[in-house]
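Residue numbers (the working numbering): 19 to 960.
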C-alpha cells in the first residue's frame, strides 16, 4: 500500500502558505522566465483564492502586476494561466485597468484563437463600466465571430456586463440575434477544437468512412451550436421586462405551427431554455396559452430526449391544462420509464409523482411501468415510483407496496424517506381500513436512524392519522410513547407530550401513558421535564380517578433543580385542588372565540387604547371546544374551496372587487368576517345568527372588471331572511353617484318578499366603493327558495366640475343593468368536515333518498367530481374528490343545510361509472335528519 501513502503525502504537501507563495512570486521578474515554474506558482495562487484565503490590497496588486509581466512569454499554457489569475485577482487589486491595453492585443481577429476567448473573459473583469462603450466595437465583432469559443466568451462576458452597463448591452441585440442564426465555421486546421479527430482514427473505431463522416457531422454541430444557448439567454435577459418582445422571440425561434423544432435553434440546451420561456409566458398570459401549448406539444416529438422531457414537464406542471392535452406529455414520460438511462427514469418518475398529487387518475396509466421500477437499483427512482403508486393505486395494493418499500428504507437518504412518509400520510385518509399496516410502517421507520426533518415528518404523519382516521388514536399514542423513550430531539418530545396530555385522559386506559410521561421527568432536560409536568397535570384535571396519583408525582417535581419545572408543578397542584382556580381553568370548558378576540384587540389598539379605558375581556363571546373544533374544520374547508378558486381566471377580479367591503374585518376568516360586518348593521340585529354566506372568500361578479361600474354580490342566509350584499365600485373619477340602490327582480316566483333596501349615499373619487344591502323575507311554505334574480343599479348621476372639483348641483336619474344572480342549492349548504362513516351510520334511521342520473355531457369522472362539488357546495372527504380509477369511483360529501329551524348535517355518497360511449352514470345517495334536506340536495341534479 505504498502508493496510498504517496497519495496522502502529496495531498498534505500541496497545502500552501500565503507568505511563502508571495515570496516565490519573485520568479515573475526573472530575466529568463521558466514557464513550468510560473504555471506551478500561478496554480498555488489560484488554490489559495479558491480555498478562501484573503489577500490584502497591496499583496493582490503586487501579484496582479507581477503576473501581467508574463505576457511577454509565448508559452500558450502559461498565457491561459495568466488570464485565470488576472480574473480572480482583479476584484482585490488596485489600478487593474492599466492592463487593458495588453489584454486587447490578444483580442484582435488576427490573434491565435486560443488567446482570444481568454482575453475577452479577462477584459470584462478588469474594465470599468464607463469604458464599456469604447469596447463596444470589439465585443460586437466577437459575438458574431464564427468560432464558437470566441462567440461564447463574448456572450457570457456580456452577462457580467449587463448589471453595470445595461443599456449598452441591450444595443447588441442585433448581433446576438445574428449569432443565434449564424452557422459556425468548422475547420480541420490547428485552431479548430476538432483538429484532433482524424477520419482515419474514426474509420478504425467505427469500421468505415461513412461511419466516420456520420459521427463527425453529428458531433461537430452539438458543440458548435452551443452559442445559441448563451445567445438566447442574453436575448431574454435584455427583453424580459417586455412581454410582447418575449412572446415575439418565442414565436420566431419556436417554429411554425405544429413543427417539432425551432427554425434556428439546433442546440438542445437552447431549446430547453426556450421551452421554459414558453411555459412561463403561457402561465402568465391566458390569451397566448392555446398557441403556446400547441408549440409545447410539438416539442414532445423532438429528436432530443432532453427537449422531450422539458416540454412534458412544462405541460404537466402548468395549471388549467385539460387532461387530454396532458395525456400526450404523460405518454412521453411513460416511455422514459422504460429507458436504460437512469437520469431519464428519475426525471420522468419524479414529474409523474408531482402530477399525481393533483391528478392521480391521469397518472394511473403508468402504474404498470412504475411497478417494474420498484426493484430498480437506483433507490431514488424506486422511492418516487412507490410514492406515486401509493397515490394512484387502489386499496388492495397498499399492503404489498408497504412491504416492498420497507426493505430498502434504510438504504435511501432522509430526503427520499420524507417523500415516502408524505405519501403514506395522504394515503391514510384515503384508505382508513389500512390504518394498522400504515401505522406499523410509520412506527418501524421511526425507530430507524435519521435526522430531525425525517423524524418530524413521521411524527406529523402519526398525528394526522390520530386526528383524522377513526379508530387508530390509541395505537398511534402507543407508538409515540415508545418513540419518546429514545428520542434525541427536544422539540419532538415536547410536541408528543402535549398530544398525550390532550388525548391520553380520554383513552380507555389512560393510566398506561403516565409511566412514559413521568420517565421524561426523570431522564430528560429541563424543557422536556416542564412539558411532562404540564401533561401530567392534564391527566389529573381530566380524570378524577387519577388525580390522587398525579398529585404524588407532582409533589416530587417540586424538588426539581430547574425553576420552570418547579413553578409548573406548583401551579398544577393548585389547579388540581378544589378552588376558584380549578373552577376557571378545569371545570370551565368554554373558550373565547379567537377570531372575535383578535378583532376586538385590534380595534382596542387602533382606538380605545389611547383613551385609557381598559380592555373588556368579558365582552368577547365564549364558545365551547366542540364549536372551536367545528370552526377549525370549516376554516379548512373554506381554504380548500379558496384554493380551487385560485386556479380560475375569474377569481382574481372577484376577490379584488370585494376587498373594499372587507377592510374592517380583515383579521377574521371570511364567514366570521361577514357575520361581524352584518352585526354592525342595526337593521339586521333581530335576524339571529348568520347561517351561511356564499360565495365564500370570492364574491360573485355581476359585471366585467373593466366596466365603469363594477358590481359583485354575496348571498347571506338567515333563518327567516336572505340578505343580498352588493359591493359597488365607481371607476369614473369625473362622475359622482348619489342614492345608489339595487332593484332586484324575480322575487315573487321564488316566494321571496323584499323588506327594505339600504342604499349608498354617495360614490365619488374620494370614496369609490360602497355596499348596498337588500333584505328579503323567506316564505315559511318554501324553506329553500331557488331563483334567478335580475339586478338593476338605480342612482342619481352628477358630473364633477373640473375647476372646483365639486359635483354639479343638478343631476339626472339613471339605471345600470348588471348580470343575473343565481340563488341555488349551494347557497344554502355550508361545507364541513366530519367522520363520514360514523355520521353515516348515525343517520341511517333518519331520512334517506337515492336517485340515479345519466350525465352524458361529462367526459370523465374527474370532471364529474368537480362539477358536483360546485353544484352542491359540499365538502369532499378523505381525498375522494380525485378519482383513483378512470372507470369507477365513489365520492363522499358532507355539509350543513341552512334550514329555517337552523343548521342540519347532510351527507352524500356518490357512486359513478364512466363509459366512453355513454358518459357518466351516477347514483346519488343522501342522508339527513329530515326528508326536506334530502330532497333539496337531490333537486340540485334533477
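Glycine residues also receive a C-beta, built at the ideal position from the N, C-alpha and C atoms.
None of these values were measured; they are calculated from a predicted model.
DSSP beta-bridge partners of residue 831 | 814
Can you give the beta carbon distance from residue 829 to residue 756, rounded, assuming they're within the 8 angstroms contact cut?
-> 7 angstroms
For residue 932: DSSP bridge partner residues = 938
Just how far apart, CA to CA, sit residue 704 and residue 957?
-> 31 angstroms
Just the Cα atoms here: how many angstroms apart are residue 256 and residue 148?
-> 19 angstroms
With DSSP collapsed to three states, give me the class of residue 902.
-> coil
For residue 92, the three-state DSSP class (helix, strand or coil) = coil
Secondary structure of residue 795, DSSP reduced to three states | strand
Range of the contiguous beta strand (DSSP E) that encloses residue 199 | Taken as a continuous stretch (DSSP letters only), residue 199 belongs to no beta strand (DSSP E), being part of the alpha helix (DSSP H) at 191–199.
Where residue 907 sits in the DSSP three-state scheme | strand
Whole-angstrom distance between residue 416 and residue 441, CA atom to CA atom | 11 angstroms
Does DSSP classify residue 551 as helix, strand or coil?
-> helix
Hey, would you say residue 961 sits closer than 8 angstroms to residue 586, going by beta carbons?
-> Summary: the structure shown does not reach residue 961, with the chain confined to residues 19 through 960, and so no result is reported for it.
C-alpha distance - residue 45 paired with residue 434, whole-angstrom precision | 53 angstroms
Residue 340 to residue 947, Cα distance in whole Å?
-> 39 angstroms
How many angstroms separate the CA atom of residue 357 from the CA atom of residue 363?
-> 6 angstroms
Alpha carbon to alpha carbon, how far is residue 484 from residue 613? Give it in angstroms, no decimals.
-> 26 angstroms
Which word fits residue 449, buried or exposed, when buried means at least 16 other C-beta atoms lie within 10 angstroms of its C-beta?
-> buried
Apply the 10 Å Cβ neighbour rule to residue 76 and answer buried if 16 or more other Cβ atoms are within range, or exposed otherwise.
-> exposed
Taking buried to mean at least 16 other C-beta atoms within 10 Å of its own C-beta, is residue 199 buried or exposed?
-> exposed
If we ignore side chains and look at the alpha-carbon of each, how far apart do residue 821 and residue 751 end up?
-> 14 angstroms
Paired residues, beta bridge with residue 735 - DSSP = 710 and 740
So, are the CB atoms of residue 849 and residue 897 less than 8 angstroms apart?
-> no
Using CA coordinates, which residue listed in 354, 694, 736 and 953 is at the minimum distance from residue 384?
-> 354
Taking the continuous beta strand (DSSP E) assigned at residue 340, which residues delimit it?
-> Run containing residue 340: none; DSSP gives neither H nor E here.
Local conformation of residue 761 per DSSP, three classes = strand
Reduced DSSP category for residue 774 - H, G, I as helix; E, B as strand; rest coil = strand
Pairwise C-alpha distance: residue 883 and residue 899 | 6 angstroms
For residue 183, which option in 142, 167, 161 and 196 has the closest C-alpha, if you only look at C-alpha atoms?
-> 142
Would you kindly work out how many angstroms separate the C-alpha atoms of residue 498 and residue 35, rounded to a whole number?
-> 54 angstroms
Does the region 456–475 touch the region 914–922, meaning 3 or more C-beta pairs lie closer than 8 angstroms?
-> no
Residues near residue 175 by beta carbon distance below 8 angstroms, same chain, minus five either side | 138, 139, 141, 142 and 157
Residue 735 and residue 916: beta carbons closer than 8 angstroms?
-> yes
Would you say residue 413 faces chain D, with C-beta separation under 8 angstroms as the test?
-> The structure shown contains no chain D; it holds only a single protein chain.
According to the Cβ coordinates, are residue 371 and residue 406 closer than 8 angstroms?
-> yes
Own chain partners of residue 959 with C-beta closer than 6 angstroms, once the 5 adjacent residues on each side are dropped | 871
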